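A.B. asks:
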Amino acid sequence: MRYFWIFLLICGVCSAETINEKYDKPTNVKYSNQGFPYHDVSFKDIDPKEFNNTIIRGSCFYQEWVEGEVAKDIFPDGMTGVVFDGCNLDNIYVDEIKNTIIKDTITRCNNRKIKVQNDWEDWELNVDLTPKEPLNKEQRLKAGVSIDPKGIPEKKFTKEERENFEKTLNNITAIPIP
Amino acid sequence: MKKLLIILLLFLFPKVCFAALDAAILWEIRTTGQSSSASMNNGGGFTAGAAGTDYSHASLPANGAPILTLTDLACLDTATNLTSVTGGFTEAMIGNVIHIVSGTQATVGWYEITAYTNGNTVVIDRTCAVGGQNMTAATGNVGGCLALGSALDDDFFEALTAGNTVYISGGGAGNTHTIGESISNTQTGTAVAPFFVDGYDSTRGDNPTGTDRPLIEAGANLFDFYRYWIVENLRVNSTEYDGLNMGYYGYFKNCYGYNSSESAGRSGIFAYNCLIIDCEGVSTNGVALEPTGSMSVISCYAHDSTTGIGGGFATTALINNIIDTCTTGIDVIAQAGGVFVNNTIYNCTTGISGTTGEHIRVINNIIEGCTTEASWDTEQNNSYFDHNCWGGATPTRTNVTAGANKVDASATMTDPSAATPDFTLLAGSPCLDAGLQFGNVLAAGNMTGDYKINIGADQDDVTAAGAGGGAFGWFGKQ
Numbered sequence: 000m001r002y003f004w005i006f007l008l009i010c011g012v013c014s015a016e017t018i019n020e021k022y023d024k025p026t027n028v029k030y031s032n033q034g035f036p037y038h039d040v041s042f043k044d045i046d047p048k049e050f051n052n053t054i055i056r057g058s059c060f061y062q063e064w065v066e067g068e069v070a071k072d073i074f075p076d077g078m079t080g081v082v083f084d085g086c087n088l089d090n091i092y093v094d095e096i097k098n099t100i101i102k103d104t105i106t107r108c109n110n111r112k113i114k115v116q117n118d119w120e121d122w123e124l125n126v127d128l129t130p131k132e133p134l135n136k137e138q139r140l141k142a143g144v145s146i147d148p149k150g151i152p153e154k155k156f157t158k159e160e161r162e163n164f165e166k167t168l169n170n171i172t173a174i175p176i177p
Numbered sequence: 000m001k002k003l004l005i006i007l008l009l010f011l012f013p014k015v016c017f018a019a020l021d022a023a024i025l026w027e028i029r030t031t032g033q034s035s036s037a038s039m040n041n042g043g044g045f046t047a048g049a050a051g052t053d054y055s056h057a058s059l060p061a062n063g064a065p066i067l068t069l070t071d072l073a074c075l076d077t078a079t080n081l082t083s084v085t086g087g088f089t090e091a092m093i094g095n096v097i098h099i100v101s102g103t104q105a106t107v108g109w110y111e112i113t114a115y116t117n118g119n120t121v122v123i124d125r126t127c128a129v130g131g132q133n134m135t136a137a138t139g140n141v142g143g144c145l146a147l148g149s150a151l152d153d154d155f156f157e158a159l160t161a162g163n164t165v166y167i168s169g170g171g172a173g174n175t176h177t178i179g180e181s182i183s184n185t186q187t188g189t190a191v192a193p194f195f196v197d198g199y200d201s202t203r204g205d206n207p208t209g210t211d212r213p214l215i216e217a218g219a220n221l222f223d224f225y226r227y228w229i230v231e232n233l234r235v236n237s238t239e240y241d242g243l244n245m246g247y248y249g250y251f252k253n254c255y256g257y258n259s260s261e262s263a264g265r266s267g268i269f270a271y272n273c274l275i276i277d278c279e280g281v282s283t284n285g286v287a288l289e290p291t292g293s294m295s296v297i298s299c300y301a302h303d304s305t306t307g308i309g310g311g312f313a314t315t316a317l318i319n320n321i322i323d324t325c326t327t328g329i330d331v332i333a334q335a336g337g338v339f340v341n342n343t344i345y346n347c348t349t350g351i352s353g354t355t356g357e358h359i360r361v362i363n364n365i366i367e368g369c370t371t372e373a374s375w376d377t378e379q380n381n382s383y384f385d386h387n388c389w390g391g392a393t394p395t396r397t398n399v400t401a402g403a404n405k406v407d408a409s410a411t412m413t414d415p416s417a418a419t420p421d422f423t424l425l426a427g428s429p430c431l432d433a434g435l436q437f438g439n440v441l442a443a444g445n446m447t448g449d450y451k452i453n454i455g456a457d458q459d460d461v462t463a464a465g466a467g468g469g470a471f472g473w474f475g476k477q
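Laid out in structure tokens, this is it:
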């Protein structure tokens with residue numbers, strides 16, 4: 000019995016099933032590996048048939064945070080059966096009952112909520128829209144800058160405060176000031 | 000005997016643990032549109048000059064898939080032999096990279112196959128087992144090309160060795176690279192062996208221009224290079240604060256940085272102690288090109304931004320740039336000893352704005368079509384302004400002494416306000432040969448010759464009729 004399970008495990012690992020095979024859908028060539036402007040993009044007027052039952056790979060649909068909108072609803076009503084793979088869907092609403100966002104593999108989609116905070120930095124938000132962590136986490140850690148949301152200033156940085164913060168962030172230790 | 004063995008082990012230990020990827024590895028990044036099986040799980044690299052066959056580029060399968068995938072890989076933590084009962088290794092795999100993506104006690108990452116023993120065993124550059132443990136049941140992919148858009152994007156750039164070249168393939172529609180996370184590597188190259196990131200269109204080294212350059216869609220993510228990086232032939236869209244960013248001793252060449260954020264102050268291209276050359280920057284609500292520290296910005300096009308070129312920079316050289324349609328053309332902040340030579344600044348609210356900047360050298364520039372040509376908070380009597388063309392008979396210069404050789408007239412450029420602008424000088428322009436010459440040096444008589452320099456970025460001598468030098472730029476407005 001033990002060997003049976005090992006056999007099943009090996010078969011599962013070895014299968015190297017492609018996303019297309021797994022979901023039995025074709026790649027949507029028109030909307031794959033594309034970039035779109037980061038503001039005011041809408042596919043609402045597009046026939047959902049252009050999207051339905053296809054795999055969209057490697058495209059950037061990201062929209063910058065708009066105050067008052069938790070996530071931008073840009074895809075056509077009635078869009079169904081779409082699998083997003085390796086796409087940037089930050090700040091984008093996708094009906095995940097009818098569609099699939101692959102998030103749990105190495106090649107994955109981002110579907111975060113991102114908003115600029117008082118330190119002028121982009122932060123990923125929690126479900127309750129409180130700041131979770133900065134997007135430039137690695138850069139901040141490298142510079143010894145806190146990634147704790149508690150460190151976000153209560154008031155928005157002034158331009159001078161921001162410039163000083165930026166020097167720290169970029170390891171700029173000394174600039175001759177006349 | 001036991002002591003001898005221990006000594007031998009101590010001798011071998013550093014070799015096993017501290018070897019690294021070869022400096023000559025060339026990496027290949029494509030989109031899944033170009034190669035459907037391109038993935039960060041693949042090997043993706045090949046050592047230039049190695050004995051084997053390059054399964055990441057030259058002999059890459061059309062779909063970009065690995066040439067071999069094994070799921071029973073094993074490796075001792077004290078050895079660099081990588082073994083598989085299933086096998087399938089060939090001698091042609093020497094020089095290829097295998098990506099160990101998972102396994103029991105595996106240190107996942109990219110490893111170079113340095114030698115072939117037999118179909119079941121190869122030698123890799125360092126052990127892939129966790130220290131003190133032996134790796135078993137690991138999955139690895141030999142060859143294939145990489146594709147950005149995963150949780151491994153940053154890890155990949157962190158895994159590189161100084162001297163490595165990362166080729167990013169494919170411009171044009173449908174070949175966009177969407178990154179999956181902020182890339183902010185801490186890798187430091189050297190003067191002898193910097194890192195290279197080279198965009199290409201259809202053939203490595205073809206130096207594409209315009210939209211033939213690969214497009215990186217960063218979204219809100221950072222695309223950040225650390226020290227000694229050379230980045231060429233890329234377009235990067237972002238809303239991140241310093242979306243396309245480099246620190247120390249490298250350069251951006253033929254890159255286009257576009258920051259469309261609605262937040263103020265963000266930059267198209269940010270660099271510290273580096274060179275930005277032959278690049279284009281736009282930041283709709285911020286700074287197109289933001290040099291900080293001891294920087295050079297040469298032959299760049301900064302336009303349609305709040306600020307064209309600006310930053311907390313020192314001893315910065317701005318040479319032969321065109322700055323077009325910005326609120327402020329050049330913003331001099333905390334600047335000492337800057338040199339601005341042969342730039343053309345057009346259609347800005349303020350051409351050059353100085354606040355805390357001192358002893359600046361502003362020579363041979365055209366500042367035209369601006370509401371205020373130059374403005375400083377305090378008088379700049381130790382700065383050097385001369386041989387500049389101020390665009391009209393009554394320019395506004397605040398706290399600036401224009402110099403004896405100023406030109407208070409229009410530069411008469413060909414068509415600077417066109418959709419694809421042309422900043423070349425027309426025949427009869429007062430800027431022709433009006434730049435700073437070797438006048439007094441020649442007069443001293445110890446050298447001779449006819450040296451002529453125009454004011455502005457166009458150095459054509461405009462013989463006979465019309466503008467010379469053709470339309471502006473190497474790659475045109477984006």
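As you go down the protein sequences, you meet chains A and R in turn.
Residue 91 in numbering that gives the first Met the number 0 sits at position 92 of the first sequence; the count goes up by one each step and never skips.
Residue 215 in numbering that gives the first Met the number 0 sits at position 216 of the second sequence; the count goes up by one each step and never skips.
Note that CB positions come from ideal geometry on N, CA and C, so glycine has one too.
All values reported here derive from a predicted model rather than from experimental measurement.
Going by DSSP, what residue range makes up the beta strand (DSSP E) through alanine 114/R?
C.D. replies: Position 115 of the second sequence, counting from 1, holds the residue named residue 114/R. Unbroken beta strand (DSSP E) run through alanine 114/R: 108-117.
A.B. asks: For my contact list, leucine 72/R and alanine 137/R are in at a C-beta cut-off of 8 angstroms; report their separation, rounded to the angstrom.
C.D. replies: One-based indexing of the second sequence puts residue 72/R at position 73. One-based indexing of the second sequence puts residue 137/R at position 138. Yes, they are in contact, since the Cβ atoms of leucine 72/R and alanine 137/R sit about 4 angstroms apart, within 8 angstroms.
A.B. asks: Just checking my contact of isoleucine 319/R with alanine 456/R at CB under 8 angstroms: how many whole Å lie between their CB atoms?
C.D. replies: Position 320 of the second sequence, counted from the start, is the residue given in the question as residue 319/R. Position 457 of the second sequence, counted from the start, is the residue given in the question as residue 456/R. Residue 319/R is actually asparagine in this sequence, not isoleucine. That belief holds up - the Cβ atoms of asparagine 319/R and alanine 456/R are roughly 5 angstroms apart, short of 8 angstroms.
A.B. asks: Any idea if leucine 128/A is buried or exposed, counting beta-carbon neighbours within 10 angstroms, 16 or more meaning buried?
C.D. replies: Your numbering for residue 128/A matches position 129 in the first sequence. Classification for leucine 128/A: exposed.
A.B. asks: Can you tell me whether phenylalanine 224/R sits near the ligand SAM, meaning its C-beta is under 7 angstroms from at least one heavy atom of the ligand?
C.D. replies: The model on display carries no ligand, and the ligand SAM is accordingly not part of it.
A.B. asks: Comparing the C-beta of alanine 146/R with each C-beta of chain A, is any distance below 8 angstroms?
C.D. replies: In the second sequence, residue 146/R corresponds to position 147, counting from 1. Chain A, which has a Cβ nearer than 8 angstroms to the Cβ of alanine 146/R, makes this yes.
A.B. asks: Pull up the distance between the alpha-carbon of aspartate 432/R and that of isoleucine 454/R, whole angstroms please.
C.D. replies: For the purposes of this step, residue 432/R is taken as residue 433 along the second sequence, with counting starting at 1. For the purposes of this step, residue 454/R is taken as residue 455 along the second sequence, with counting starting at 1. Spanning the two alpha carbons is a distance of roughly 7 angstroms.
A.B. asks: Is isoleucine 123/R near phenylalanine 156/R, with beta carbons less than 8 angstroms apart?
C.D. replies: Here the question's residue 123/R lines up with position 124 in the second sequence. Here the question's residue 156/R lines up with position 157 in the second sequence. Going by C-beta atoms, isoleucine 123/R is not nearer than 8 angstroms to phenylalanine 156/R.
A.B. asks: Report back the beta-carbon spacing between asparagine 184/R and aspartate 152/R to the nearest angstrom; my notes put them in contact at under 8 angstroms.
C.D. replies: Mapped onto the second sequence, residue 184/R falls at position 185. Mapped onto the second sequence, residue 152/R falls at position 153. With 8 angstroms as the limit, asparagine 184/R and aspartate 152/R do not qualify as a contact, their Cβ atoms being about 10 angstroms apart.
A.B. asks: Among all the DSSP beta bridges, which residues are the ones paired with glycine 310/R?
C.D. replies: Indexing the second sequence from 1 puts residue 310/R at position 311. Answer is Val331/R, bridged to glycine 310/R.
A.B. asks: What does threonine 185/R reach in chain A if we use C-beta pairs closer than 7 angstroms?
C.D. replies: The residue labelled residue 185/R in the question sits at position 186 within the second sequence. Within chain A, the residues near threonine 185/R are Lys141.
A.B. asks: Beta-carbon within less than 7 angstroms of alanine 217/R's beta-carbon, same chain only, minus the 5 sequence neighbours each way: which residues are those?
C.D. replies: Counting from one through the second sequence, the residue named residue 217/R turns up at place 218. Contacts found: Ile178, Val235, Asn236, Ser237, Glu239 and Gly242.
A.B. asks: Run through DSSP, which three-state label would alanine 91/R get?
C.D. replies: The count along the second sequence starts at 1 and reaches residue 91/R at position 92. The answer is helix: DSSP assigns alanine 91/R an H, G or I state.
A.B. asks: To which residues does DSSP link cysteine 347/R through a beta bridge?
C.D. replies: Position 348 of the second sequence, counted from the first residue, corresponds to residue 347/R. Looking at the DSSP assignment, cysteine 347/R forms no beta bridge with any residue, so it has no partner.
A.B. asks: Just to confirm my understanding: we take glutamate 372/R, look at its own chain, exclude 5 residues before and 5 after, and list those with CB closer than 7 angstroms. What are they?
C.D. replies: By 1-based counting over the second sequence, the position of residue 372/R is 373. Counting only Cβ-Cβ distances below 7 angstroms, and skipping sequence neighbours, we find Gly350, Ile366, Trp389, Gly390, Pro394, Thr395 and Arg396.
A.B. asks: So aspartate 121/A contacts chain R; which residues on that side make the cut at Cβ distance below 8 angstroms?
C.D. replies: What you label residue 121/A is simply residue 122 of the first sequence in a count that begins at 1. Neighbours of aspartate 121/A on chain R, chain order: Ala219, Thr238, Glu239 and Tyr240.
A.B. asks: Using beta carbons (cut-off 8 angstroms, strictly below), is aspartate 103/A in contact with chain R?
C.D. replies: Within the first sequence, residue 103/A is the residue found at index 104, counting from 1. Judged by the 8 angstroms Cβ criterion, aspartate 103/A is not in contact with chain R.
A.B. asks: By a C-beta neighbour count over all protein chains shown, 10 Å radius and 16 as the cutoff for buried, is methionine 92/R buried or exposed?
C.D. replies: On the second sequence, residue 92/R is found 93 positions in, with the first residue counted as 1. With 16 or more other Cβ atoms within 10 Å, it is buried.
A.B. asks: Suppose you measure from the CA of asparagine 169/A to the CA of isoleucine 229/R; what does that come to, to the nearest Å?
C.D. replies: Taking the first sequence and counting its residues from 1, one reaches residue 169/A at position 170. Taking the second sequence and counting its residues from 1, one reaches residue 229/R at position 230. Each residue's Cα considered, the two are about 18 angstroms apart.
A.B. asks: Report the partner residues of threonine 164/R according to the DSSP bridge assignment.
C.D. replies: Counting from 1 along the second sequence, the entry for residue 164/R is found at position 165. In the DSSP output, where bridge partners are listed per residue, threonine 164/R has Leu25/R and Phe195/R.
A.B. asks: My guess is that alanine 128/R and leucine 75/R are in contact by the Cβ rule of under 8 angstroms, so how many angstroms apart are they, rounded?
C.D. replies: Walking along the second sequence from the start, residue 128/R turns up at place 129. Walking along the second sequence from the start, residue 75/R turns up at place 76. At roughly 6 angstroms, the Cβ-Cβ gap stays under 8 angstroms, so alanine 128/R and leucine 75/R are in contact.
A.B. asks: Under DSSP, the beta strand (DSSP E) around asparagine 481/R begins and ends at which residues?
C.D. replies: Residue 481/R is absent from the model: chain R starts at 0 and stops at 477.
A.B. asks: Let's test the definition: count the other Cβ atoms within 10 Å of the Cβ of leucine 8/A and tell me whether it reaches 16, buried, or not, exposed.
C.D. replies: Numbered from 1 along the first sequence, position 9 holds the residue referred to as residue 8/A. Reliability fails at leucine 8/A, whose pLDDT of 42 lies under 50, so the model's placement of it is uncertain and no value is given.
A.B. asks: Scan the region 88-118 of chain A for residues whose Cβ lies nearer than 7 angstroms to a Cβ of chain R and list them as they occur along the chain.
C.D. replies: Within the region 88-118 of chain A, the residues whose Cβ lies closer than 7 angstroms to some Cβ of chain R are Asp89, Ile105, Thr106, Arg107, Asn109, Ile113 and Val115, listed in chain order.
A.B. asks: Relative to the C-alpha of isoleucine 276/R, which residue among Pro65/R, Ser282/R, Leu288/R and Asn284/R is closest?
C.D. replies: Here residue 276/R refers to the residue found at position 277 when the second sequence is read from its first residue. Considering only alpha carbons, the answer is Leu288/R.
A.B. asks: With distances taken from CA atoms, which of Asp414/R, Ala219/R and Gly336/R is nearest proline 133/A?
C.D. replies: Within the first sequence, numbered from 1, the residue matching residue 133/A stands at position 134. It is Ala219/R.
A.B. asks: Going by beta carbon distance, what residues of the same chain come within less than 6 angstroms of lysine 451/R, once the five residues before and after it are set aside?
C.D. replies: To locate residue 451/R, count along the second sequence from 1; it is residue 452. Counting only Cβ-Cβ distances below 6 angstroms, and skipping sequence neighbours, we find Asp432.
A.B. asks: Is there a Cβ from chain R that is less than 8 angstroms from the Cβ of glutamate 137/A?
C.D. replies: Counted from its first residue, the first sequence places residue 137/A at position 138. Interface residue, yes.
A.B. asks: Using only the alpha-carbon positions, how far apart do serine 14/A and alanine 263/R sit?
C.D. replies: On the first sequence, residue 14/A is found 15 positions in, with the first residue counted as 1. On the second sequence, residue 263/R is found 264 positions in, with the first residue counted as 1. Caution applies to serine 14/A, whose pLDDT of 46 falls short of 50 and renders its modelled position unreliable; the value that the coordinates give is listed next. Serine 14/A and alanine 263/R: Cα-Cα distance of roughly 50 angstroms.
A.B. asks: Can you check which of these residues, Val281/R, Tyr110/R, Asp385/R and Leu81/R, is closest to glycine 118/R by C-alpha distance?
C.D. replies: Counting from one through the second sequence, the residue named residue 118/R turns up at place 119. For glycine 118/R, the nearest C-alpha among the options comes from Leu81/R.
A.B. asks: Entirely within the region 25-93 of chain A and at least 4 residues each: give me those alpha helix (DSSP H) ranges in chain order.
C.D. replies: Correct list: empty.
A.B. asks: Around the C-beta of isoleucine 113/A, are 16 or more other C-beta atoms found within 10 angstroms, so that it is buried, or is it exposed?
C.D. replies: Your numbering for residue 113/A matches position 114 in the first sequence. Buried, since its Cβ has 16 or more Cβ neighbours within 10 Å.
A.B. asks: Please list, in chain order, the chain A residues whose beta carbon lies closer than 9 angstroms to that of alanine 150/R.
C.D. replies: Translated into the one-based positions of the second sequence, residue 150/R becomes position 151. Residues of chain A passing the Cβ test: Thr104, Ile105, Thr106 and Arg107.
A.B. asks: Taking the alpha-carbon positions, what's the glycine 171/R to glutamate 165/A distance?
C.D. replies: Taking the first residue of the second sequence as position 1, residue 171/R is located at position 172. Taking the first residue of the first sequence as position 1, residue 165/A is located at position 166. So the alpha carbons of these two residues sit roughly 34 angstroms apart.
A.B. asks: For chain R, is any of its Cβ atoms less than 8 angstroms away from the one on glycine 190/A?
C.D. replies: Since the displayed chain A opens at 0 and closes at 177, residue 190/A lies outside it and no answer follows.
A.B. asks: Taking beta-carbon pairs under 9 angstroms, can you tell me which members of the region 19-41 of chain A lie near chain R?
C.D. replies: Answer set for the region 19-41 of chain A: Asn19, Thr26, Val28, Lys29, Ser31, Asn32, Gln33, Gly34, Phe35, Pro36, Tyr37 and His38.
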